[in-house]
Amino acid sequence: MSWRCSGCGETHDDAFRSCWQCGASRAISAGERASEEQELEAEAAEVAAEDAEQQRTVAVAAYQEEAGWYPAVRADKWGEAARAIHRLVAAHRLYRERQDSGARNARPDLDRLWTQFYLACAIPGGLVLGEVARGSWLERWATNGALFTLVHLGALIPCMVTGRRVVGRELRAAAEAAVMQGQRSVPRVT
Ligand SMILES: [Zn+2]
5 MSWRCSGCGE
15 THDDAFRSCW
25 QCGASRAISA
35 GERASEEQEL
45 EAEAAEVAAE
55 DAEQQRTVAV
65 AAYQEEAGWY
75 PAVRADKWGE
85 AARAIHRLVA
95 AHRLYRERQD
105 SGARNARPDL
115 DRLWTQFYLA
125 CAIPGGLVLG
135 EVARGSWLER
145 WATNGALFTL
155 VHLGALIPCM
165 VTGRRVVGRE
175 LRAAAEAAVM
185 QGQRSVPRVT
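Numbering-wise (my numbering), the sequence shown opens with residue 5 and increments by one.
Below, the structure written as structure tokens:
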């Protein structure tokens with residue numbers, strides 16, 4: 005494609021934006037102008053979408069902080085443990101509420117993760133119950149403490165890892181849903 009200068013009539017290759025002879029800039033056709041405008045609009049829309057996404061991320065974090073799930077100030081070891089339990093309770097309440105609300109808020113991915121969590125925790129739970137029921141707990145501890153501890157920890161870790169994941173996702177889903185609905189403050193704190 006080539007274009008003809010409107011000032012002097014010289015023909016130029018498409019790559020040139022202005023006339024080399026008289027310096028007049030290339031007249032842009034209506035179609036070209038429209039496509040350029042479209043490009044600019046698309047760019048603006050992209051920037052706006054990025055801004056909105058960023059704002060949403062900030063709002064989600066703010067919601068989670070306000071809810072007391074993830075306070076900005078870190079606590080000591082026991083404080084953090086208490087918060088983890090608080091998060092578990094809150095997440096589980098949300099899970100139950102979601103179940104009760106029916107298909108409207110269905111999150112089968114999260115439901116599956118909760119099931120995994122229950123199963124993962126059933127193993128250390130069963131181990132502990134078995135030991136307590138048989139009364140061999142202290143005996144075993146005394147004879148082979150290290151192995152005993154290892155087995156229990158080994159069973160406990162998948163439970164904790166799954167729990168951490170499911171709690172994180174459930175709380176995030178709740179915060180995102182709340183932000184989407186325009187709620188910012190949390191009426192109820194467990
Ligand atoms: Zn020219």
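Think of the CB as a built atom: it goes at the ideal place given N, C-alpha and C, for glycine as much as any other residue.
Here the structure is a predicted model, which is why all the values come from computation and not from measurement.
- According to DSSP, residue pairing for D17 in a beta bridge involves S6.
- Short note on G13: C-beta closer than 8 Å to some heavy atom of ligand 1.
- According to DSSP, S22 shares a beta bridge with S29.
- The nearest non-hydrogen atom of ligand 1 is 8 Å or more from the C-beta of A65.
- According to the DSSP assignment, D113 belongs to the alpha helix (DSSP H) that extends over 112 to 138.
- Distances from the alpha-carbon of A19 to those of G11, G27, W7, Q25 put W7 closest.
- Distances between the C-beta of A28 and the heavy atoms of ligand 1 include at least one below 8 Å.
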